[in-house]
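Data block below; observations after.
Number of protein chains: 4
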Amino acid sequence: MENNTDKKSRILQAAGQVFAQNGFSQSTIAMIAKNAGVADGTIYLYFKNKEELLTRFFENKMRLIFDRFLETVSGANSAEEKLRNLIRTHFVEFQKDKDMAVLYQVETHSNVRLAEDQIREMSKMYMDLISLIVEQGQEQGLIRKDLYLSLVKRMIIGSLDEVINTWIHSEGKYDLVSMADPLVDLILNGIGNHLRSDA
Amino acid sequence: MENNTDKKSRILQAAGQVFAQNGFSQSTIAMIAKNAGVADGTIYLYFKNKEELLTRFFENKMRLIFDRFLETVSGANSAEEKLRNLIRTHFVEFQKDKDMAVLYQVETHSNVRLAEDQIREMSKMYMDLISLIVEQGQEQGLIRKDLYLSLVKRMIIGSLDEVINTWIHSEGKYDLVSMADPLVDLILNGIGNHLRSDA
Amino acid sequence: MENNTDKKSRILQAAGQVFAQNGFSQSTIAMIAKNAGVADGTIYLYFKNKEELLTRFFENKMRLIFDRFLETVSGANSAEEKLRNLIRTHFVEFQKDKDMAVLYQVETHSNVRLAEDQIREMSKMYMDLISLIVEQGQEQGLIRKDLYLSLVKRMIIGSLDEVINTWIHSEGKYDLVSMADPLVDLILNGIGNHLRSDA
Amino acid sequence: MENNTDKKSRILQAAGQVFAQNGFSQSTIAMIAKNAGVADGTIYLYFKNKEELLTRFFENKMRLIFDRFLETVSGANSAEEKLRNLIRTHFVEFQKDKDMAVLYQVETHSNVRLAEDQIREMSKMYMDLISLIVEQGQEQGLIRKDLYLSLVKRMIIGSLDEVINTWIHSEGKYDLVSMADPLVDLILNGIGNHLRSDA
DNA sequence: GATGAATGAGAATTCATTCAT
DNA sequence: AATGAATGAATTCTCATTCAT
């Protein structure tokens, strides 16, 4: 027995899949309907139009994922542990839902901003989270004080992004989560050899 | 008096502009033709189809830009200087040609890989360049040896990417090139406070 | 407690209203259902399809209204009084049920004859009624004998029609019934100045 | 050899025909295109959308026809002759272009006012023309002074309308123009027997 | 009987591509 | 070579009608 919530989320899931595979513009309502096992018209019982499919898809996912982020961060004490937890959870969640990962990567870079509001909001919250962690780390003496905070955020987010992107294009053949610790190390210590003066 | 090369490149430039502004799918041949000051049909005398416009646009740009990258890197001795030059030149070139910057950002993340080959090739060469620099740096003792090289590349490229992306979305209101040195510093030293044990 | 006749006529009334407001093509079953307070599917328990809603609506109304016409005409002696009563009653009834008035005006002129039979039958009976009155008037010496009867009917009906039409488009802001006597005067006497030879 | 004006007006003519036969809503672009001997898309090279086809159709016709009306009226001296000429020309023109006649009849009564502006303007001018004639007739002593002018206009227009309407529904089997003189007689003299007091 | 979710045929409109001039 | 009018396939969305509950 299927209720409407089931059908609505089945359509949403199908849309996510189709969008992730073909891009928003190249995806047709017919594809999504077929994928969801419903008639074309049925989609319009649940969603105003094609764009709303994308919007709602994100709205759904983002809320859930962001809650996980907050949770994992608040479950740590030191700034370093917080950063480590955030990045690890990020990878965990994105690995768990590849369609969403793909769409997020595409949409945040697309110049046709369809799910703009959802993305922007999510992005803002994520940035704020990183700010908090970095600032706490500075107070705790774990993180340098001579940093251009806004650049730091871009560096962290860009690195995450690219690691995920590469994983996506590798067709998810390896474990994304295992990248978390090495990445945190790179972010904290950079690539420079800080021991060279001792040698 | 205009020759065919002029017209071809005028069309290409127009295509780049239109694609950058509207995205590939939302751009029409009519828009591009108008922008280039030619008739719709004329475009098909020089290019097989809409997709080829994108492909050739990149081919053109990438070749030129990559030559600059090689040049700027070879004009430096230490690995650090090479990295610094590469990143600075990257920002200089992308700032100089915003249409190309936008398209590159979008296309490298799009799941509809239209200019795939061009992008992939460019990406590969860029990666190799970074590899060379890092490896040289390791030999010179400037860069840590305990690095997961492929992750380092992603971190560097991702950071660059995101810095450019943010600049693009700010409508180019500030100077992108001034981000180069602070970014190199972050990449080399990370955000961690390495002096804390001395304190 | 409601019986089926109630529900059927409630649907019919709702249909009339919706059709009158939006036109037949622009009206949807969903609108009518909502207006009638029933489910979309319920309508199909009582009516074969959308078209039948229009057909039955007229059938209903026309029968009732035509009875009034006959009644008011038979309650008069002279042809003039009969004509006056007919026109006055016509205006009274149409003013009383504006939805019906609107639909009747639209449908009699539409080239998509949906309620064709009902309209035609009604129209025929109305014409016959006028014929009777005119012929009686001729016998009584009240009405000219040198008339092209079929044209007279069109003149009378057309005038009525246009007066009603204007009233409808004025959003019913004035009293339609007050137009009856002046109109009868015009029909009987025309606009010509018949006293001019006497002057 | 065909130029664009030809094609545009061929489409317009086809649209008029199709609309007249099926009504605006029931007519499809495909029908019109087929009727005009062009591809569906071609229509959109000349017209913004389906509605504009109707609008332009009227705009075209109305202008031409109204000029004839003015001409024929100004070519007469007495109010009676003016009225006679107007009505005769009206019938002549509508008989000449039945598609237009049908559409005009339908549109002026439809509650979905698509060609609203054209119709309204035309209607207004027509009304004004009648007003002028009647007022002149009153000055000349040919027309009664005790008239409700606005009702007179409705009577005249309604009569014309209905005569045309009947002719249309008879499939144009008889000569519409021959109705002009008898109708003018009715309008001027009414149906009443003004000699009865003498008898 | 009543419901309203589901269907899918059908319609308007867009636009890459072609081709006669 | 260049043009731009013409094409028609493809797409989104609507809505009358059906049917399982």
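Residue numbers (my numbering), protein chains in the order written: chain A, 1 to 199; chain B, 1001 to 1199; chain C, 2001 to 2199; chain D, 3001 to 3199.
In this text, a Cβ means the ideal position worked out from N, Cα and C, and glycines have one as well.
Contact check between the segment 3087-3106 of chain D and the segment 3050-3066 of chain D: three or more CB pairs, one atom from each, fall below 8 Å, which counts as touching.
In this structure, DSSP gives glycine 2192(C) an extended state, which the three-state scheme calls strand.
Between the segment 3163-3181 of chain D and the segment 2121-2140 of chain C there are fewer than three C-beta pairs closer than 8 Å, too few to call the two in contact. Residue contact check for leucine 1188(B) against chain A: a CB pair falls below 7 Å. Residue pairing by DSSP places isoleucine 143(A) opposite Gly1192(B) in a beta bridge. For glutamate 1162(B), the nearest CB of chain A lies under 7 Å from its own CB, placing it at the interface with that chain.
Taking a beta-carbon distance threshold of 7 Å, tyrosine 3126(D) does not count as an interface residue toward chain C.
Nearest C-alpha to aspartate 3006(D) among Tyr3046(D), Leu3083(D) and Leu3114(D): Tyr3046(D). Ranking Asp2117(C), Pro2182(C) and Arg2088(C) by CA distance to the CA of leucine 3151(D) puts Pro2182(C) first.
Counting only the Cα atoms, serine 170(A) lies some 28 Å from leucine 1064(B). Residue contact check for leucine 151(A) against chain B: a CB pair falls below 7 Å. In chain order, Lys1007, Arg1010 and Ile1011 place their CB closer than 8 Å to the CB of valine 1038(B), counting only its own chain and leaving out the 5 sequence neighbours on each side. Look at the beta carbons and you see the segment 1020-1038 of chain B not touching the segment 2016-2030 of chain C: under three pairs across the two are nearer than 8 Å.
Contact between the segment 2076-2089 of chain C and the segment 3070-3085 of chain D is not established, with fewer than three Cβ pairs separated by less than 8 Å.
Looking from the CA of glutamate 1107(B), the closest CA among Asp1161(B), Gly1192(B) and Leu1186(B) belongs to Asp1161(B).
Using a CB distance cut-off of 7 Å, asparagine 1193(B) counts as an interface residue toward chain A. In terms of beta-carbon proximity, methionine 1100(B) stays away from the interface with chain A, with every pair separated by 7 Å or more. In the pairwise beta carbon analysis, the segment 2118-2134 of chain C is classified as touching the segment 2069-2079 of chain C: at least three pairs are separated by under 8 Å. For methionine 2179(C), the C-beta contacts it makes with chain D under 9 Å involve Tyr3148, Leu3151 and Arg3154, in order along the chain. In the three-state DSSP reduction, tyrosine 148(A) falls in the coil class, being neither helix nor strand. Residues of the segment 3015-3027 of chain D whose Cβ lies closer than 9 Å to any Cβ of chain C, in chain order: Phe3019, Ala3020, Gln3021, Asn3022, Gly3023, Phe3024, Ser3025 and Gln3026. For asparagine 1111(B), the closest Cβ of chain A is nearer than 7 Å. Separation of glutamine 1095(B) and isoleucine 32(A) (C-alpha to C-alpha, rounded to the nearest whole angstrom) is 39 Å. When C-alpha distances from serine 3074(D) are compared across Asn3035(D), Met3122(D) and Leu3129(D), the shortest belongs to Leu3129(D). In this structure lysine 124(A) is exposed. Its beta-carbon is surrounded by fewer than 16 other beta-carbon atoms within 10 angstroms. Of all residues in the segment 30-54 of chain A, none is placed with a Cβ closer than 8 Å to any Cβ belonging to chain B. At a cut-off of 7 Å, the C-beta of glycine 2158(C) has a neighbouring C-beta in chain D. Contact annotation for leucine 183(A) against chain B: Leu1151 and Met1155 [CB-CB distance below 8 Å, chain order]. For aspartate 2067(C) and lysine 2061(C), the gap between their C-alpha atoms comes out near 10 Å. According to the DSSP assignment, leucine 3176(D) belongs to no alpha helix (DSSP H), since it is labelled neither H nor E. Taking 7 Å as the cut-off between beta carbons, the residues of the segment 80-106 of chain A near chain B are Val102, Gln105 and Val106, in sequence order. With respect to chain C, the C-beta atom of arginine 3120(D) has no partner C-beta closer than 7 Å.
Per DSSP, reduced to three states, the secondary structure at phenylalanine 3057(D) is helical. Put simply, the backbone Cα of isoleucine 3156(D) is about 20 Å away from that of tyrosine 2104(C).
Around the Cβ of asparagine 3004(D), a 10 Å sphere holds fewer than 16 other Cβ atoms; the residue is exposed. Neighbourhood of asparagine 1077(B) in chain A, by CB distance below 7 Å: empty, with the nearest CB roughly 17 Å away.
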